[in-house]
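What follows is one structure encoded as C-alpha cells, with my remarks underneath.
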Amino acid sequence: MIGILRYNAGNTGSVQRALARLNIASKIIESPTDLESVSGMIFPGAGAAGSAMNRLTELGWTEAIQSYTKPFLGLCLGMQLLFESSEENDTECLGVIKGNVRELSDELTKPHMGWNKLSTGEYAYFVHSFVCEPTDASVFTMSTRYGTELCAGVQQRNFFGVQWHPEKSGDAGDRYLLSFSKLCK
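Counting along the sequence shown from 1, when you hit position 51 you're at 47 in the numbering used here, and nothing is skipped either side.
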C-alpha cells in the first residue's frame, strides 16, 4: 500500500484517483505514525514552498521524511522540497538532495504550464514557476526543454522526484506510477 501525504499543500485527490484508476492500493496519510502501515510514499505538491514547509514542520514530517528508507516519490513541489533551499519565499527545505530551487528566468512565461517532451522521449504535463538545480549531476534522471534544459526528474537512494505531474500526464504518467508502485512491493 502506498501512502499519499496530505499536508494541505498538495494535489492529493488527483494522485489518489490516478492510483485507484491503475488499481494501485493507496491511502491518505496525515501523521508520521502512519508510515508504519505503508510500503512507499508519494509526496504530492501544489502550492508555495514557504507555507508547505511550515505545515510539514507543524505536523512533524520534517525528520520523518529525512530519515525515510522506503520508496519515496515527490511530485512537483514535493520534489522541490527535497532540496536544500528554494528561492520561493526564501525557504529552507528538507535537504534530502543537495542543491537549490530557483525561479524560472524572467525571459520565460511563468508558470511553465502545459505539455513538454522529456529526455526519455515521452510527453508530460508541467505546471511550475521554480526549477530544481541538483549540486550532484548524478541524481539528475531526466530533463525537459523550456527556454533551456531544465531538471525534470531526480533520484537519490530511495528518493525519487519529478517536476511534472504523472497523475495528469496520460500514458507516460501511468507508466511512471506503475513503475514506482513495483518498487513499493
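Idealized CB from N, CA, C, for every residue including glycine.
*Decide yes or no for the touch test of the stretch 126 to 139 against the stretch 172 to 179: beta carbon pairs closer than 8 Å, at least 3 of them.*
Three or more Cβ pairs closer than 8 Å define a contact, and the stretch 126 to 139 falls short of that threshold against the stretch 172 to 179.
*What three-state label does DSSP hand SER27 in the structure shown?*
As a first step, residue 27 must be located in the sequence shown, where it is residue number 31. It is coil, neither helix nor strand.
*Would you list, in sequence order, the uninterrupted alpha helix (DSSP H) runs of no fewer than 4 residues that lie entirely inside the stretch 39 to 125?*
Correct list: 45 to 54, 57 to 62 and 73 to 76.
*Would the beta-carbon of PRO40 fall within 7 Å of that of LEU71?*
One-based indexing of the sequence shown puts residue 40 at position 44. One-based indexing of the sequence shown puts residue 71 at position 75. Taking C-beta atoms as the reference points, PRO40 and LEU71 count as a pair closer than 7 Å.
*I think MET49 touches GLY157, with their Cβ atoms under 8 Å apart; what is that distance to the nearest whole Å?*
Your numbering for residue 49 matches position 53 in the sequence shown. Your numbering for residue 157 matches position 161 in the sequence shown. No, MET49 and GLY157 are not in contact; Cβ-Cβ is about 15 Å, not under 8 Å.
*In whole angstroms, what is the alpha-carbon distance linking SER165 and THR53?*
Position 169 of the sequence shown, counted from the start, is the residue given in the question as residue 165. Position 57 of the sequence shown, counted from the start, is the residue given in the question as residue 53. A straight-line Cα-Cα distance of about 30 Å links SER165 and THR53.
*asked:* By the DSSP assignment, the beta strand (DSSP E) with TYR142 in it spans what residues?
replied: Along the sequence shown, read from residue 1 onward, the residue named residue 142 stands at position 146. Run containing TYR142: 136 to 142, per the beta strand (DSSP E) assignment.
*If you count every other CB in all the chains shown that lies within 10 Å of the CB of GLY6, and 16 or more means buried, which is it?*
For the purposes of this step, residue 6 is taken as residue 10 along the sequence shown, with counting starting at 1. Buried is the call here.
*C-beta contact flag for TYR121 and HIS161 at 7 Å*: Residue numbering aside, residue 121 sits at position 125 when the sequence shown is read from its first letter. Residue numbering aside, residue 161 sits at position 165 when the sequence shown is read from its first letter. Result yes, Cβ atoms of TYR121 and HIS161 sit closer than 7 Å.
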